[in-house]
Each structure stands twice: as structure tokens, then as C-alpha cells.
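Protein sequences appear in the order of chains U and A.
Under our numbering, the first residue of the first sequence carries the number 1, and numbering increases by one thereafter.
Under our numbering, the first residue of the second sequence carries the number 1001, and numbering increases by one thereafter.
Here's the structure we're looking at; comments come further down.
2 protein chains.
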Amino acid sequence: MFDKNIYTERRQKLKKQVGSGLILLLGNEDSSINFKDNVYPFRQDSNFLYFFGLDRPGLAGVIDIDGDREILFGRDPSIDEIIWIGPQTSSFSGQADTVGVTEVQATDKLGSFLQHTGAKSQAIHFLPPYRPENILKLSAWLGINPAVLKERSSVKLIRAIVAQRSIKSGEEISEIETAVNITGEMHVAAMKGALAGMSEAQVAGMLHGIAVGGGGNLSFSSILTMNGQVLHNHYSTNTLRPGQMILCDCGAENAMHYAGDMTRTFPVSKKFSTVQRELYEVVLSAQEAAAEALTPGKLFRDIHFLAAEKLVDGLKAVGLMKGDPAEAVAAGAHTMFFQCGLGHMMGLDVHDMEDLGEEYVGYTDELKKSKEFGLKSLRLGRALEPGFVVTIEPGLYFIPELMDLRQSEKKFESFIHYDKLQSFRSFGGIRVEEDYVITPSGARLLGRPVPKTADDVEAMR
Amino acid sequence: MFDKNIYTERRQKLKKQVGSGLILLLGNEDSSINFKDNVYPFRQDSNFLYFFGLDRPGLAGVIDIDGDREILFGRDPSIDEIIWIGPQTSSFSGQADTVGVTEVQATDKLGSFLQHTGAKSQAIHFLPPYRPENILKLSAWLGINPAVLKERSSVKLIRAIVAQRSIKSGEEISEIETAVNITGEMHVAAMKGALAGMSEAQVAGMLHGIAVGGGGNLSFSSILTMNGQVLHNHYSTNTLRPGQMILCDCGAENAMHYAGDMTRTFPVSKKFSTVQRELYEVVLSAQEAAAEALTPGKLFRDIHFLAAEKLVDGLKAVGLMKGDPAEAVAAGAHTMFFQCGLGHMMGLDVHDMEDLGEEYVGYTDELKKSKEFGLKSLRLGRALEPGFVVTIEPGLYFIPELMDLRQSEKKFESFIHYDKLQSFRSFGGIRVEEDYVITPSGARLLGRPVPKTADDVEAMR
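Have a look at this one:
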């Protein structure tokens, strides 16, 4: 946990920005797997963590701006709970004190508190709930139909939190860097340890073990697959076969829940095939060009386009595309191979603040998110600022269903050599991803470098 | 997946037992971690798996007994979903066919289906929901307040499912045995690999990796701790210290979601200390006596008492207890050291069918669950039948808070040597657990044997 002043200052800043009313930040509950008491690893809500720091289920924080009060709702454990989950290091009020909150109340009083104190307030600001248990609670307390809760959430509160959490402090960068380093260890272990004959799941399991052993957990379910063209394929009991490539996109979150997120693609065999190496280097040069272009003030959307043009350049050299790269990208022809976005913010969430809405996190009133295929998957478009942490992750994905669809639609015929595509139907996918912090003059790679060139990757096999 | 006839027969049997009305079995959804699209590993509902077999989020099964129809609600993926999650091996109706269901409807039609067809039915039988998303859905569809949904669930359906799922078929035993064998590998890896200087989390991570690599996942969050006296302690970044013991209670579920669940306790050093070995052997002899006593017709509660008496016997020899063991157990004095139950059913859930209610799974109209400290944590009390799969897991737990509480209450003074207890305040806890199937003549240990005697455990270190 950070020093208590950090949490106090964050709340002060939030109060000033929201101005009036009552801010309600709900912590998360345990989530049941297959019966109530069999639960997934607990993950606290990131907004609650950011402003109230406590990492236990069943809490809520209230900031009553008008009444100038900060209250944590929770409770002390019973003797039965001490037997089952162990003695707590301090009382609930002692825990609240570690994050600078002096007033505590019992959890079961929150509903009536909101109905009484909340009613006197100018507004109850709450965030769009992404967990159904919090939908149930908010609906019952505030008398709002579950179906419209999201649209009744506070845009003022969302904007204030996005403004604050987008700029990472020095302490946060240092936490993120520990997560990226655990993530790097996972990738080194995968490149060294994934051998033909093993299953994807065995390798994914090994990575999971490293993340847990790092004191936290995975920051998202690992993608470890020979079918890298399927963008969110996870892993299966498929056996690793020589000749195929493994796409490994995984990350750890550290004990403080800051995330890392990296991707490497490497051959099951000792070496890439000629064509695998050729396309790997296309992706790598796009990744490096995009990283090089990171500068405050520049639109991330433009860096996305730059990477897309680099990919088209490379695909022309390989003979899969033709025409002017800038025109191809303007027409969207690159989305045959690069269907998603170049990257996203990263912090307490691997897609940072995605619960608050990409329209607020990645875009502005002036720069709205596109609805076009491809661009609609770009989570971040707006101008970069020092303190932003972003991923850069271009890729090439050969999806037979999409090739067939676009060819049948007669789309992109002036940019794509459809005849040459046929031999790539089972090629798979390649992605290379790193994490960066934006500095006043450019950007800095986060974490210790992990082998990335084709030669360095092959040297790990 | 099993052969389609197995699912068809299970549903036939269920229809006969429930008799009339409409049975609604809701599958599970993905559960969000910190934003909607970052999800925990998907786990299908076990009742849905048992009767409808399909292992994907967002499905529901309806058995209209009066109308003689079986319907699976779901849908085919869109092209966007194919890009992100990959091509499906067959259409939704093709998948339904693999479990013997010929009628499919779109998921978003389920609400109105229940309001129309359901209304004509004698009753809509649903199960007590343990996931908040299913509470929200049921509440909206059936117009029932979330707070009373559980009490409006169908006892008739619960009883029929418990009757069926309690008796494991040959195919199920074989699946459970693969899960127990993966679980055994986890324990061997822990006993071989947990070294002084590592953190609990590192060892837990390694076990997690083996479970995932086995093609499934953990059957529950591993308990791997030097504080074994805290019954549901998981693991921490504590460093393993020579002289302490590690209590490791963990299990895998296999690819079909059948569970394994075992516990071993072993020294961080190469050898147990004298007193650690003495108490380990007390627990082991109770474990073996209880396993030996498993026979159809016998109340599991009586085997629990038998194990408790064995523990008291051993604690008398060590000088911690006194008096007649049967009287001590009748008075509840053993709950100073053994605060929980001897074991539970195991199958598709590690605590099998716990979502349906322990009063139906572990008890009967004649044998009700006790509310007493200790016995209230015994999940299974009723008479054993061939085909039951159960765990046997006695333990000794030295909980300073409980010692102080009972001494201050002047409880159990004729059975406990309170003066001798003081030196055990930081002793920790010991548990030994195995899984068994009840046979017509007794019981059979499931899985390949894993070192269990103090000598055999030490030989692994």
C-alpha cells in the first residue's frame, strides 16, 4: 500500500474536480465459481483501490463533498471468521486509518445512509457498474432499474477520475515496472520452456505459476496459442507442433494490482521459417517505428496509422499488398491483416479504466471513436501526455473467414493480391508488444528488455 | 464430453422424478474481474453441465415436462466474434445435437418464452442462484424480488438432482480419477519443490501451473500455508522458514470439470520435529481409521465422530487432552483442535452440489444438520451409498484466539490440559486428506497413491 497521504491527496483532488454532491465508490465482492463459497481470486475494484487502497471484499467508500466527510463502510471479522480466514492485523477502523480515513460505519448501514444523507445531497455520483452484485446493490439502494443504471452513472465523476488516473505518478510507474518485469520473466520462461510435444495449456500453466509466484496474479487470462490469428484465443490442450509459431500475449499484475502486458511470437522449432521470419520482421519494424514516434502532444490515432502504413509497406515487399500505403490505410485495406488497435492505456487495469468507458479514457469531445471496422477496436486515440502508460502492439493476422468475406465483397482489390493470399490461409498470426511511459520529451520502455529481434528470439529456443 | 445418450438419459430420469411443470437450468456467464471484458476463466454451472453438457457462456436449458420438449437457448457467433474468439467447430444447433437436444432458440427469446409457455405450465422449477447475473435474469423474467429468489427455488427439482448426482456412474468415477491424479502430481511437486527461502505464493503458483497444464484448472483456490491452523488461509508472500510445516490443500478439476481434492502437511526442513511427527501420526491414524470405516449404510456423521475420538486418543497420548474420548467428543471438546467436518461429497464440484444446499446434499428429513460449533461445519452426515464420492480429511489446528476464548469461558476443563496448550500457540495445523468412492462392500481410494506416512513424506523432501 502507498503512504496514507497519497490516498488523502487523491481524494482531495477528486473532491475539487467533482465540486459537489456525494461520491460513492463501491469495492468488489468475492465472485462465486460454481457455488457461493468457492470463489475466484478476489480482485478489488481499481477505482476503489486508487482512492481508498484497502484490498478486501465487501467495502465501500463515500466522499460527501457537501458535508465534508469521508467514510469507509465495512466491518470487523467475527470469531468464526478468525477461525476460517485468520486473525486480521488490525481492526477495520485501524485499516481505514492506514489510508487516511477516520470515519467508519457498518456495511449494512450503507443503504440507509444513501437514502438519508444522500437525499440531502445535490447528487449521488456513482460509476457504471461492471459487476452484477454491484448492479443489484445500487438498484436496491437508489431505486434505479438495473437496465438503466449505467446511463444514470456520473459523467462528471468519470471524467474527474480519468483525468487523475491517466497521469501515472512516480510511485505508480515503479509499481507498473515491477509488474512488467514479472511479465518479462513469464515471456523468457515461455521462449525457453515451450517445446514441441507439450500442450499450449502446459505452457500457459507455467506462466500462470510465475505470475502468482510474483505475489499478484495474471493481469488477464493468457493468450498462448498456435492460432495467433484468433485475436482473443486463450489456450487449449493442442500439442505444440514444429513448423508452427506460438503467439504468447500475457501479463502479470503485481501485489499492488498494477499490470504488465507483453506479447512475443516465436517458432515451435529452433528457427523461424523464411516466410515466418520475413513477416515477423514486418511486425517488429512497425512496432519499433510506433514506439519511436511516441511523443507528448501526438495523437495516438496517428501513431496507429503510422504503424498500419509500416505493415502495408512490409506486406508489399512480401507481395501480399500493392498500391500506396497511405491510401491503403485510408481505405482500411490493412484491416485485412491488422483488424485491431495499436495499443491501450495500462495501469491498475491492463486496459486501464476500461470500466469507465473508452469514449472518456481514449477519446475526447473533439476526437470521437470511429465506428469503422478496425478503428472501432482502437481503444486509445487522443493526444499523449507525459505520465501516460501505453502498450504498442501491432500484428498481422491471417483469418481465412475474413479473407473469404472480403474477397466475396470485392473489397480492397486495388490493394490486396488475393491470389497470393491462398497460401497464407493457415499461416497464423504474429504480434509484438511492449509497454511504455510517455516522458516530457518522448517515451521510455518499461521493464528490463526481453529478447525481441528474430535472432534474439531464436537464441532463446 | 460424454456420449449424447448419457445426457438424454439423465434428462429422462429428471423429468420422471420432477413429474410436471417446466425445468429451467441456467448456464453461467463470464464473470468480470476489473472491467467487463477482462474475465475470470469461464466455469459452467455444474447442473447445466450434468444435464446439457455444453461448456460455453450464455446458455440455458429448458425441459418442458408438460409439453414434452427439451430446448437449448443460445446463438451462433457473429463474424466479429469469429475474428476475436475463432471459428466454432459447429453451429449452435450442431452443438445442441451432441447432447441429444434437437430444439434450439435464441437466448434473447428466453424471457418471453418463460412468460408465455412457462405461464401455461404447472410450475417453473428453478435452482437457487449463486451468481448475481442469474439473480438479475431470474428476477426480471419471473418478476420475483431478488431477495426472495432463493426461497422460491424448487425443492422438488433440488431433491431430484441431488438424488441423481450423488451416485456417480463409472464414466464419472473415471473422470474424477483423472482429476485426482493431476491433484496427486500437484502434491508430489509441492513436497519435492517447496524449499526454505521460497514464498508460499511461488509454490502455490507452481501448483496452479500443473492444474492448468492438466487441461482444466484448480478445483478451488489452493491453500498453501505455514499457518495451517487458519482453515481457509490461502497463500501469501511469506517466506518458507525451516522448522515450520507447510499445509497444502489443493486440487485440480480436469477438462470435464470433475474435481480432485487432497491435503498433505510436510516440514519445510528435511524432517518433522519430534512433536510435529507425533501429532502428524495422530492425524494420519484418524484419517486411516475413518477411511477404513467407510461402508454403505453407515452414517458419515458417525465416521466423523470415530475420527474425532481417534484424535482425542492421540491428543491424550501427547498430554494435551484427558478423560474418556467418547465423552470428550460428545461434549464437543475435540472442537478445540478439530473445528470443522471430516469431509464432503466431491464430483463436478469440489464440495459437490453445495449450491443446492447442504441440508439436501448431506442430510435428510430424519437427520438434520446440527447448529453446534464444529458439527455445523460437517457438510455430510447422512448414510453412505455405493457410488458416493467423499473426502476424508481430519486435522488438528492450534488457534490461539480459540484457546483463549474457551479458557476464558472455562469450557472443556475436564478434557483439556490448558497449561500444556501454551507451548502450542504457534504450532500451526496439520491435515491429511484423500478421496474415496463408496463401493458395495466398502470404499476404494481414488487415484494413484501419494506419499502419506511421515517417513514417506520425509523421503520426498
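Don't be surprised by glycine CBs; every beta carbon is placed ideally from N, CA and C.
Looking from the CA of A/S1285, the closest CA among A/Y1258, A/L1315, A/E1354 belongs to A/L1315. Using beta-carbon distances, A/M1206 counts as an interface residue toward chain U, with a partner under 8 Å. The residues A60, F73, in chain order, have a CB closer than 6 Å to that of U/L110 in the same chain once the five nearest residues on each side in sequence are set aside. The C-beta of U/R43 comes closer than 8 Å to at least one C-beta of chain A.
When CB distances to chain A are screened at a threshold of 7 Å, the residues of the stretch 218-233 of chain U falling below it are F220, S221, N227, V230, L231, H232, N233, in chain order. The beta carbon of U/F73 sits no closer than 8 Å to any beta carbon of chain A. Taken in chain order, the complete alpha helix (DSSP H) segments of 4 or more residues contained in the stretch 1288-1343 of chain A are 1300-1318, 1325-1331.
For the stretch 1087-1114 of chain A, the set of positions with a beta-carbon nearer than 8 Å to some beta-carbon of chain U reads P1087 in chain order. For the set U/T102, U/V350, U/T391, the Cα lying nearest the Cα of A/K1036 is the one of U/V350. At a cut-off of 8 Å between C-beta atoms, A/Q1164 does not count as an interface residue with respect to chain U.
Fully contained in the stretch 1205-1232 of chain A are the following beta strand (DSSP E) runs of length 3 or more, in chain order: 1223-1225. Under a criterion of Cβ atoms nearer than 8 Å, the residues of chain U adjacent to A/T1237 are, in order, G215, A255. DSSP places A/Q1122 in the coil class of the three-state scheme, outside both helix and strand. Counting C-beta pairs closer than 8 Å gives fewer than three between the stretch 445-461 of chain U and the stretch 1025-1034 of chain A, which falls short of the contact rule. Inter-segment contact for the stretch 440-448 of chain U and the stretch 395-405 of chain U is absent: fewer than three beta-carbon pairs are separated by less than 8 Å. The C-alpha of U/L299 lies about 21 Å from the C-alpha of U/V432. Of the residues U/G428, U/H208, U/F373, U/I79, the one whose Cα lies closest to the Cα of U/M245 is U/G428. When secondary structure is reduced to three states using DSSP, U/R461 falls in the coil class, being assigned neither helix nor strand. Bridge pairing for U/R43: absent [DSSP].
According to DSSP, residue pairing for A/M1245 in a beta bridge involves A/P1267. The Cβ neighbour count for U/G228, taken over all protein chains shown within 10 Å, is at least 16; the residue is labelled buried.
The three-state reading of DSSP puts U/G61 in strand, counting E and B together.
For A/S1377, same chain residues with a beta-carbon under 6 Å away, outside a window of 5 residues either side, are C1340, G1341 in chain order. For a Cβ distance threshold of 9 Å, nothing in chain A lies close to U/D30: the least Cβ distance comes to about 10 Å. Per DSSP, the continuous alpha helix (DSSP H) segment holding A/E1081 begins and ends at 1079-1085. In the DSSP assignment, A/A1443 falls within the beta strand (DSSP E) that extends over 1443-1445.
A direct Cα-Cα distance of roughly 21 Å separates U/Y235 from A/I1079. Distances from the CA of U/A443 to each of U/E288, U/D419, U/G381, U/M336 were compared; the closest alpha carbon is that of U/E288. Using a 10 angstroms sphere on the CB of A/L1195, the tally of other CB atoms stays under 16, which defines it as exposed. The C-beta distance from U/I65 to U/V18 rounds to 6 Å, short enough to fall under 8 Å. For the stretch 399-410 of chain U, the residues whose beta carbon sits under 9 Å from a beta carbon of chain A are, in order, I399, P400, E401, L402, L405. Proximity of chain A to U/P57 at the Cβ level (cut-off 9 Å) is not reached, the minimal Cβ distance being about 13 Å. By the rule that beta-carbons nearer than 8 Å mark a contact, A/H1351 touches chain U.
Its Cα nearest to that of U/F2, the residue U/I173 stands out among U/H208, U/M191, U/I173. In this chain, U/Q422 is not harboured by any beta strand (DSSP E), its DSSP state being neither H nor E. Close to chain U, meaning a Cβ-Cβ distance shorter than 7 Å, are the following residues of the stretch 1345-1378 of chain A: D1349, V1350, H1351, E1354, D1355.
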